[in-house]
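**Student:** Quick one: the structure is below, questions incoming.
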Amino acid sequence: MNNTFNIQRFGLLLKRQWLEFGKIYLITLAVALGVIVTFYSFSLWGYIAETKPFYERALNFREPLFLIFGFLFITVIASNYFAHLGQKPKAIIDLMIPASTFEKFLTGIFFTAILSTVSFIFIFYVTDLAFLAKLRSVYHSSSTRTSYTDAQGAVAIVVDNLAYFFSKNGPHVYKGLYIIPFFVTSIFLLGSIYFNKFHYIKTTISAMVFSGIWTAIIFKSGKLLFDNRTLINRMGNNGPAKDNVELCLALLLVLLTLIFWSITYVRLKEKQV
Amino acid sequence: MIKINNLNFGYRKNQLLFKNMSMQLSTGHIYGLLGKNGAGKSTLLKNIAGLVYADSGSMDVMGYDPSKRQPALLTEICFIPEEFYLPSIKIDAFVKANAAFYPNFDHPYFTALLAEFDIPVTQKLIDMSYGQKKKVIIAFGLATQAKLVIMDEPTNGLDIPSKAQFRKIMASALTEDRCIIISTHQVRDLDNLIDTVIMLDENSVALKASVEEITNRLCFKRVKELDDKVIYAEPSLAGYNAVMQNFHQEDSKLDLELLFNAVLAEKNKLKPIFN
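Protein sequence lines, in the order shown, are assigned to chains V and S. Numbering of the first sequence is given in UniProt numbering, commencing with residue 1 and proceeding in unit increments. Numbering of the second sequence is given in UniProt numbering, commencing with residue 1 and proceeding in unit increments.
Spelled out as structure tokens, the structure:
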């Protein structure tokens, strides 16, 4: 018997977690869907009912809704995942289940980083699709504008005023953004096993304190290194230096995510009741 | 099956609960683990199950280190804790979610145990009484066919008929390749069930002896007056219930409660008898 990883045992563990927490998970997802639909209805109902003229900026609520509510959704799920291990009766049952610590940890990653992110994106996508499809059936979605950014001067371009959220906001400009949900959930997953009570609040405060200290260190060291010196930028804002910074930032996020996951694994391995 | 060697454990660094504890437990026995409140009965069981880690010393359970929590060992351990949690699902869903982890899980046996315990199978686990939940978890644990069965205060919350059922079921659950350890402070619940007594006191094992060994060396009887032969006695209606050294190989029934109090009160007198 492989005592570290067995695909069949991992499947059983996923199934067990789903049978125990699936119902609560689906209820949470339904609540999230309700909140998103409410926001869309509240913001767009007047336009759908054609009681007021449509402006493109009426859709501007989507970005903050996706970012703030999406952050809350995935962090709340991650923050609750190992929270029950703080309670002796629940911890005993879970730790005695014949699966390896690594499998239990991977199940945590699946439910918090992958399933929660994918399901939130899915419900947001479906809601956006439904409302935008309705709006597009009522209003003309495209308009012509003059662009002056082309090398040839003024050029007429066709703009989609009713673009679907994910066609407008895909992370094609900076692919490093794909790591963000993993990074955020890794912090809250660690918090869920590190603290015994009030996981969300304690993790949030800890993250704020650490990021505050980090910002202060970066700011102070930057000031120490670059104060009274002249910046020489030969490449402009879109040169290789920008790509390097973006790559470094993505690598840093990957590294931090891996570190948080590693600490979570060690905490799970060392968990005592 | 279980080898404990110089185990040192404490919840605080400077306050050890076990000091250099050594013990061996083998298959084919039902061990009764007794001790005062705070003596470390539950903690010893948790050490064996790998739920807490020793400060030093070694623990070997079926050739595995329990602190590593390897699936191969966990499939062979059935741990019934005193406090437990069962999710808000029905019994069949619970079995569906958990039984597959145990390759030898015996479904007909589980059904038979539920019937014997008179458990309403269609009811949700969360809606059951504490005693009913305990019976479900005991039935599930035994049906896993695990070789090591660890029970912490299993009779707590069971009504009088259920305690008798429990004793009967546990007696029939013992096989040659199985080791059962039951911790309790309700010693009467283990009457006629356990075959070996382990008593914990003052950071170590105060007594580990089989029932046969105990009744061969000690005699439990009612006396009218106390004399030098009496090691420990408690007043009763018609004299005293006394523990004496069994010089004449008299047959007597083990009184666990009396033995327990005797060990705590007269440890120095009893130690040479069992060494």
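Ideal Cβ positions, reconstructed from N, Cα and C, are used throughout, including at glycine.
According to DSSP, is S:Glu202 part of a helix, a strand, or is it coil?
**Tutor:** In the second sequence, residue 202 of chain S corresponds to position 202, counting from 1. Three-state result, S:Glu202: coil.
**Student:** Give a yes or no on whether 8 Å exceeds the smallest Cβ distance from S:Pro66 to chain V.
**Tutor:** On the second sequence, residue 66 of chain S is found 66 positions in, with the first residue counted as 1. Answer no: the Cβ-Cβ gap between S:Pro66 and chain V never drops below 8 Å.
**Student:** Taking a contact to mean a Cβ-Cβ separation below 8 Å, would you say S:Met1 touches S:Cys179 in this structure?
**Tutor:** Here residue 1 of chain S is taken as the residue at index 1 of the second sequence, counted from 1. Here residue 179 of chain S is taken as the residue at index 179 of the second sequence, counted from 1. Yes, the Cβ-Cβ distance between S:Met1 and S:Cys179 is below 8 Å.
**Student:** What's the gap between the Cα of S:Ala265 and the Cα of S:Asp127?
**Tutor:** Taking the first residue of the second sequence as position 1, residue 265 of chain S is located at position 265. Taking the first residue of the second sequence as position 1, residue 127 of chain S is located at position 127. Distance between the alpha carbons of S:Ala265 and S:Asp127 is about 44 Å.
**Student:** Using the beta-carbon of each residue, which ones in chain S are nearer than 7 Å to V:Leu12?
**Tutor:** Position 12 of the first sequence, counting from 1, holds the residue named residue 12 of chain V. Ordered by position in chain S, the residues that pass the 7 Å Cβ test against V:Leu12 are Ala100 and Phe101.
**Student:** On the three-state DSSP scale, how would you describe V:Lys220?
**Tutor:** Here residue 220 of chain V corresponds to residue number 220 of the first sequence, with the count starting at 1. V:Lys220: helix per DSSP, three-state reduction.
**Student:** So which residues on chain V does S:Pro71 lean against when the C-beta distance must stay under 7 Å?
**Tutor:** Reading the second sequence from its first residue, position 71 is the one you call residue 71 of chain S. Here the neighbours are Met1, Asn3, Arg9, Pro98, Ala99 and Ser100.
**Student:** Under 8 Å Cβ to Cβ from V:Ile109, same chain only, skipping five residues before and after it: list those, please.
**Tutor:** Indexing the first sequence from 1 puts residue 109 of chain V at position 109. The answer, listed in chain order, is Leu189 and Trp261.
**Student:** Can you have a look at S:Pro108 and say buried or exposed, based on whether 16 or more other CB atoms are within 10 angstroms of its CB?
**Tutor:** Within the second sequence, numbered from 1, the residue matching residue 108 of chain S stands at position 108. Exposed, by the Cβ-count rule.
**Student:** Mind pulling the chain V residues with CB within less than 8 Å of residue 279 of chain S?
**Tutor:** Summary: the structure shown does not reach residue 279 of chain S, with chain S confined to residues 1 through 275, and so no result is reported for it.
**Student:** For the candidate residues S:Phe260, S:Ile30 and S:Leu45, whose alpha-carbon lies nearest to that of residue 280 of chain S?
**Tutor:** Only positions 1 to 275 of chain S appear in this structure, which leaves residue 280 of chain S out of reach.
**Student:** What residue from S:Tyr64, S:Leu226, S:Ile80 and S:Met21 has the CA that sits closest to S:Leu73's CA?
**Tutor:** As a first step, residue 73 of chain S is located in the second sequence; it is residue number 73 there, counting from the start. Considering only alpha carbons, the answer is S:Tyr64.
**Student:** Who are the near neighbours of S:Tyr49 in its chain, counting only those whose CB is closer than 7 Å to its CB and skipping five residues on each side?
**Tutor:** Here residue 49 of chain S refers to the residue found at position 49 when the second sequence is read from its first residue. For the sequence presented, residue 49 of chain S should be read as Ala rather than Tyr. Correct list, in chain order: Pro66, Ile77, Phe79 and Ile150.
**Student:** Taking only the alpha-carbon atoms, compute the straight-line gap between V:Thr51 and V:Ser211 and give it to the nearest angstrom.
**Tutor:** Counting from 1 along the first sequence, the entry for residue 51 of chain V is found at position 51. Counting from 1 along the first sequence, the entry for residue 211 of chain V is found at position 211. Their backbone Cα atoms lie some 46 Å apart in a straight line.
**Student:** Does S:Ala206 pass the burial test, meaning 16 or more other C-beta atoms within 10 Å, or should it be called exposed?
**Tutor:** Against the second sequence, residue 206 of chain S aligns to sequence position 206. Buried, because 16 or more other Cβ atoms sit within 10 Å of the Cβ of S:Ala206.
**Student:** Helix, strand or coil for V:Ile180, going by three-state DSSP, please let me know.
**Tutor:** Within the first sequence, residue 180 of chain V is the residue found at index 180, counting from 1. Here V:Ile180 sits in helix by DSSP.
**Student:** At least one CB of chain S closer than 8 Å to the CB of V:Arg16: is that the case?
**Tutor:** The residue you call residue 16 of chain V lines up with position 16 of the first sequence. Output row for V:Arg16: interface = yes.
**Student:** Residues in the same chain with beta-carbon distance under 6 Å from S:Ala146, minus the five sequence neighbours each way, listed in chain order, please.
**Tutor:** Reading the second sequence from its first residue, position 146 is the one you call residue 146 of chain S. Cβ neighbours of S:Ala146 beyond the five flanking positions: Glu76, Ile77 and Cys78.
**Student:** Can you pull the chain V neighbours of S:Lys46, defined as C-beta to C-beta under 9 Å?
**Tutor:** For the purposes of this step, residue 46 of chain S is taken as the residue at position 46 of the second sequence. Those within 9 Å of S:Lys46 in chain V are Ile92, Gln272 and Val273.
**Student:** Tell me whether the region 101-115 of chain S and the region 25-37 of chain V touch, counting them as touching only if at least three CB pairs, one residue from each stretch, are closer than 8 Å.
**Tutor:** At 8 Å Cβ cutoff, the stretches do not touch.
**Student:** My output table needs one value for S:Ser42: the three-state DSSP class, helix, strand or coil.
**Tutor:** On the second sequence, residue 42 of chain S is found 42 positions in, with the first residue counted as 1. Helix, per DSSP.
**Student:** How is V:His199 classed by DSSP in three states: helix, strand or coil?
**Tutor:** Here residue 199 of chain V corresponds to residue number 199 of the first sequence, with the count starting at 1. Note: V:His199 maps to helix in three-state DSSP.
**Student:** Residues in the same chain with beta-carbon distance under 6 Å from S:Ile194, minus the five sequence neighbours each way, listed in chain order, please.
**Tutor:** Taking the second sequence and counting its residues from 1, one reaches residue 194 of chain S at position 194. If we look at S:Ile194 and ignore the five residues flanking it on each side, its Cβ neighbours are Ile30 and Gly32.
**Student:** Once you ignore the five residues that flank S:Val211 on each side, which residues in its own chain have a CB closer than 6 Å to its CB?
**Tutor:** To locate residue 211 of chain S, count along the second sequence from 1; it is residue 211. Cβ neighbours of S:Val211 beyond the five flanking positions: Asp195 and Leu254.
**Student:** Is V:Val245 near V:Ile179, with beta carbons less than 8 Å apart?
**Tutor:** For the purposes of this step, residue 245 of chain V is taken as residue 245 along the first sequence, with counting starting at 1. For the purposes of this step, residue 179 of chain V is taken as residue 179 along the first sequence, with counting starting at 1. Contact flag unset, no.
**Student:** Assuming S:Leu200 and S:Ala39 are in contact, meaning their beta carbons sit under 8 Å apart, how far apart are those beta carbons, in whole angstroms?
**Tutor:** Position 200 of the second sequence, counting from 1, holds the residue named residue 200 of chain S. Position 39 of the second sequence, counting from 1, holds the residue named residue 39 of chain S. Rounded, the Cβ-Cβ distance is 4 Å, consistent with contact.
**Student:** Name, in chain order, the residues that DSSP records as bridge partners for S:Asn5.
**Tutor:** Taking the first residue of the second sequence as 1, we reach residue 5 of chain S at position 5. Paired residue(s): S:Ser58.
**Student:** Among S:Lys208, S:Asp251, S:Ile4 and S:Gly28, whose alpha-carbon lies nearest the alpha-carbon of S:Ala54?
**Tutor:** Reading the second sequence from its first residue, position 54 is the one you call residue 54 of chain S. Nearest C-alpha to S:Ala54: S:Ile4.
**Student:** Give a yes or no on whether the C-beta atoms belonging to V:Ile193 and V:Thr203 are separated by under 8 Å.
**Tutor:** Start at 1 with the first residue of the first sequence, and residue 193 of chain V comes out as number 193. Start at 1 with the first residue of the first sequence, and residue 203 of chain V comes out as number 203. For V:Ile193 and V:Thr203, no; Cβs fall outside 8 Å.
**Student:** Please go through the region 210-272 of chain S and give each complete beta strand (DSSP E) segment of 3 or more residues, from N-terminal end onward.
**Tutor:** Correct list: 218-223, 230-236 and 239-245.
**Student:** Just to confirm, are S:Arg69 and V:Leu106 a CB contact at a threshold of 8 Å?
**Tutor:** Along the second sequence, read from residue 1 onward, the residue named residue 69 of chain S stands at position 69. Along the first sequence, read from residue 1 onward, the residue named residue 106 of chain V stands at position 106. Not closer than 8 Å, so no.
**Student:** State yes or no: is the beta carbon of S:Tyr31 nearer than 8 Å to at least one beta carbon in chain V?
**Tutor:** Translated into the one-based positions of the second sequence, residue 31 of chain S becomes position 31. So, not an interface residue.
**Student:** Taking the C-alpha atoms as reference points, what is the distance between V:Phe183 and V:Leu247?
**Tutor:** Along the first sequence, one-based indexing puts residue 183 of chain V at 183. Along the first sequence, one-based indexing puts residue 247 of chain V at 247. About 16 Å.
**Student:** In the structure shown, what three-state DSSP assignment does S:Val149 receive?
**Tutor:** Within the second sequence, the letter at position 149 stands for residue 149 of chain S. Strand at S:Val149.
**Student:** Exposed or buried, which one is S:Gly35 when buried takes at least 16 other CB atoms within 10 Å?
**Tutor:** Position 35 of the second sequence, counted from the first residue, corresponds to residue 35 of chain S. Buried, since its Cβ has 16 or more Cβ neighbours within 10 Å.
**Student:** Can you tell me whether V:Pro98 is buried or exposed? The criterion is at least 16 other CB atoms within 10 Å of its CB, across all chains shown.
**Tutor:** Position 98 of the first sequence, counted from the first residue, corresponds to residue 98 of chain V. Flag for V:Pro98 reads buried.
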